[in-house]
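In the working numbering, the protein residues as written are 624 to 1040. Everything on this sheet refers to the single structure shown next.
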Amino acid sequence: MLKGKNILLGVTGGIAAYKMADVASLLVKQGADVHVVMTENATKFIPAETFQVLTKNKVYVDVFDENTDDYVNVPHISLGTSADCVLIAPATADVIGKIANGIADDMVTTTVLPARCPILIAPSMNVYMLENPIVQDNIAKLKKFGYTIIEPASGHLACGYDGKGKLPQPEVLVENVLYAAAKEKDLAGKKVLVDAGPTQEAIDPVRYITNHSSGKMGYAVARVAAMRGAEVTLVSGPTNLSTPIGVKRIDVVSAEDMYNAMVDEALDSDIIVMSAAVADFTPETVADNKIKKSGDDEGMVIPLVRTKDILKTLGTMKDSSGTFDITDDSLKMEDKKQIIVGFSMETENLLENSRKKLDSKNADMICANSLTTEGAGYQVDTNIVTMITKNEMIQLPLLSKDEVADRILDKVKQLMV
Ligand code: CTP
């Protein structure tokens, strides 16, 4: 996701500096050209050579250590100005204080000052140092000037204390870089609403009916839309996935909860992507207490009733010209071109059945995926999708769910024009 991107890491002297080797390596795997600048103190925790080997780029520690092959570029200026994203991690109280006050007296601070790209700062220090009002004031100042502060994690700190101040795991730091730099912000100003995951329909206080949905496809759409600059709301059934950066998540349990949350949020949305595996049926009644078996039970029947079809409701709310047209005034939305995308999961007659859903639900696009094709479906990280619109049927190859999300959003952008 970072192919062609220039990522600059500023490593300062905290014990967590060793974690930055993993960060550098993960960024290289994402295709980034990674450059590293370090303070003298950082080299006491991890040698510059480690980063040099991992990134294949010269690591600078000394401002006066000029590149003898290049007398045109001053390293701290060219590294700062050519970066697409800077990550200072671990960021000590010292470097935070210096940057907040415009002090540039080492390789890290002199390189950050001329940078014109998103700058991420990951504070990492003892809990009481972090709580110190002077440090907090410096952090607030950095936020005010547009720097992104990556929240420190909590736990057992290397200094022996328990509390906030840990450098987040490398994957979390990399995710922050991806959010800041991986994609053009071509969906800035757009509101995207996504539903994802399974629903749970209660039978009694201990049992429920659900399905195998992992939520991965919907989370990928939410994550990629956020990376592309959209304001994203994710209505999620129960999953064990973490909320993508920059996404507002509303947790729901049942199909009814999901219906209510989606109808509430829909009016305001420019793009709605409905990838949730919503239960079609729910128990007619929920027992107040655990249903006990009696000795001579042969079997059991649970009466089920249909749930509301969320996609169909939202599709009906929106008339064919792309504006809401229903009798309830509170739900009127004029002059807004809204695009609704549904998913269709089938085990047979995939395209024919999915095409029917495009019309019956008044969707702008249905993404058909077969449960029986290898590489597609609920639990895996890949999918094979056919995007069906009124005029087109586009078969995508086997792709990661992130790439599928990107292709869906590209098509949505075309449909919005
Ligand atoms: N959907 C919905 N509300 C429901 C059921 C489905 O919003 N109560 C949405 C899904 O999120 C998906 C689309 O409708 O975007 C198609 O879902 P799918 O399960 O493939 O089809 P169904 O409409 O449920 O029809 P069937 O079960 O007959 O295939």
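Every residue gets a Cβ at the ideal spot worked out from N, C-alpha and C, and that includes glycine.
Item to check | residue 805 beta carbon less than 9 angstroms from that of residue 840 | outcome: Between residue 840 and residue 805, the C-beta gap is not smaller than 9 angstroms, which leaves the two residues out of contact.
Next on the checklist: On the DSSP bridge list, what partners appear for residue 1018?
Outcome noted: Paired residue(s): 1009.
Checklist entry - Any idea what DSSP makes of residue 1076, helix, strand or coil? => result A question about residue 1076 goes unanswered here, because the residues of the chain that appear run from 624 up to 1040.
Checklist entry - Is the shortest distance between the beta-carbon of residue 807 and the beta-carbons of chain D less than 9 angstroms? => result Protein chains in the displayed structure number just one, and chain D is not present.
Checklist entry - Run through DSSP, which three-state label would residue 627 get? => result In the structure shown, residue 627 sits in coil (DSSP, three-state: anything other than H, G, I, E or B).
Checklist entry - Can you tell me where the alpha helix (DSSP H) with residue 678 in it begins and where it stops? => result It spans 671-678 - the alpha helix (DSSP H) in which residue 678 sits, taken as one unbroken run.
Checklist entry - Is residue 967 near the ligand CTP, in the sense that its beta carbon is under 8 angstroms from a heavy atom of that ligand? => result Yes, the Cβ of residue 967 comes within 8 angstroms of a heavy atom of the ligand CTP.
Next on the checklist: Check this for me: beta carbons of residue 716 and residue 755, under 9 angstroms apart or not?
Outcome noted: Contact flag set, yes.
Item to check | Cβ-heavy atom distance, residue 857 to the ligand CTP, below 8 angstroms | outcome: No - the ligand CTP has no heavy atom lying nearer than 8 angstroms to the Cβ of residue 857.
Next on the checklist: Measuring only from the beta carbon, is residue 877 closer than 8 angstroms to any heavy atom that is part of the ligand CTP?
Outcome noted: Result no, Cβ not under 8 angstroms from the ligand CTP.
Checklist entry - When DSSP labels each residue in this structure, what does residue 786 get in the three-state scheme? => result Of the three classes helix, strand and coil, the one that applies to residue 786 here is strand, per DSSP.
Next on the checklist: Between the alpha carbons of residue 888 and residue 662, how many angstroms are there, rounded?
Outcome noted: Approximately 47 angstroms between the Cα atoms of the pair.
Item to check | Any non-hydrogen atom of the ligand CTP closer than 8 angstroms to residue 833 Cβ | outcome: Look at residue 833: its beta carbon is at least 8 angstroms from all of the heavy atoms in the ligand CTP.
Next on the checklist: Does the distance between the C-beta of residue 933 and the nearest non-hydrogen atom of the ligand CTP fall short of 8 angstroms?
Outcome noted: Residue 933 Cβ: within cutoff of the ligand CTP.
Item to check | Cα-Cα separation between residue 970 and residue 993, rounded to whole angstroms | outcome: Annotation: residue 970 to residue 993 spans about 6 angstroms, alpha carbon to alpha carbon.
Item to check | Straight-line gap, residue 859 to residue 968 (C-alpha atoms, nearest Å) | outcome: Here the alpha carbons of residue 968 and residue 859 stand approximately 18 angstroms from one another.
Item to check | Cβ-Cβ separation, residue 826 to residue 878 (assumed contact under 8 angstroms), whole Å | outcome: The beta carbons of residue 878 and residue 826 sit about 14 angstroms from each other, so the pair does not count as a contact at 8 angstroms.
Next on the checklist: Taking 6 angstroms as the limit between beta carbons, can you name the residues of its chain near residue 853, skipping five residues before and five after?
Outcome noted: Cβ-Cβ distances below 6 angstroms link residue 853 to 810, 813 and 815 in the same chain, with the five nearest sequence neighbours on each side left out; the list follows chain order.
Item to check | Complete alpha helix (DSSP H) runs within the segment 821-868 (minimum length 4 residues, chain order) | outcome: Within the segment 821-868, the runs of alpha helix (DSSP H) that reach at least 4 residues and sit entirely inside it are, in chain order, 839-850.
Next on the checklist: Using only the alpha-carbon positions, how far apart do residue 787 and residue 870 sit?
Outcome noted: Distance between the alpha carbons of residue 787 and residue 870 is about 23 angstroms.
Checklist entry - Nearest to residue 836 by alpha carbon, out of 828, 821 and 847? => result For residue 836, the nearest C-alpha among the options comes from 821.
Next on the checklist: Is any non-hydrogen atom of the ligand CTP found closer than 8 angstroms to the C-beta of residue 972, if you look at the structure I gave you?
Outcome noted: No, since every heavy atom of the ligand CTP falls outside the 8 angstroms radius drawn around the Cβ of residue 972.
Next on the checklist: Between residue 749 and the ligand CTP, is there a pair consisting of the residue's CB and a ligand heavy atom that are separated by less than 8 angstroms?
Outcome noted: Checking the 8 angstroms criterion, the Cβ of residue 749 is out of range of every heavy atom belonging to the ligand CTP.
Checklist entry - Cβ-heavy atom distance between residue 930 and the ligand CTP below 8 angstroms? => result If you check the C-beta of residue 930 against the ligand CTP, you find a heavy atom less than 8 angstroms away.
Next on the checklist: Please return the same chain residues whose Cβ sits closer than 6 angstroms to the Cβ of residue 738, not counting the five positions on each side in sequence.
Outcome noted: Contacts found: 703, 706 and 709.
Item to check | Cβ-based burial, residue 1037 [other Cβ within 10 Å; buried from 16] | outcome: Residue 1037 is exposed by the Cβ-count criterion.
Next on the checklist: My assumption, with CB atoms under 8 angstroms, is that residue 711 sits in contact with residue 771. Please give the rounded CB distance.
Outcome noted: Residue 771 and residue 711 do not touch by the CB rule: their CB atoms are close to 10 angstroms apart, not below 8 angstroms.
Checklist entry - Any heavy atom of the ligand CTP closer than 8 angstroms to the CB of residue 915? => result If you check the C-beta of residue 915 against the ligand CTP, you find no heavy atom less than 8 angstroms away.
Checklist entry - Hey, residue 1014 and residue 1027 are a contact pair by Cβ (cut 8 angstroms); roughly how many whole angstroms apart? => result Contact between residue 1014 and residue 1027 fails: their C-beta atoms lie close to 21 angstroms from each other, not under 8 angstroms.
Next on the checklist: Nearer than 8 angstroms: is that true of the beta carbon of residue 897 relative to any heavy atom of the ligand CTP?
Outcome noted: Yes; taking the cut-off as 8 angstroms, the Cβ of residue 897 has a heavy atom of the ligand CTP nearer than that.
Item to check | residue 873 to residue 807 span [Cα, whole Å] | outcome: Rounded to whole angstroms, the separation of the alpha carbons of residue 807 and residue 873 is 26 angstroms.
Item to check | CA nearest to the CA of residue 1001, picked from 834, 1012, 632 and 625 | outcome: Of the listed residues, the one whose Cα sits closest to residue 1001 is 834.
Item to check | Minimum C-alpha distance to residue 862 - residue among 734, 855, 868 and 876 | outcome: Out of 734, 855, 868 and 876, 876 has the C-alpha closest to the C-alpha of residue 862.
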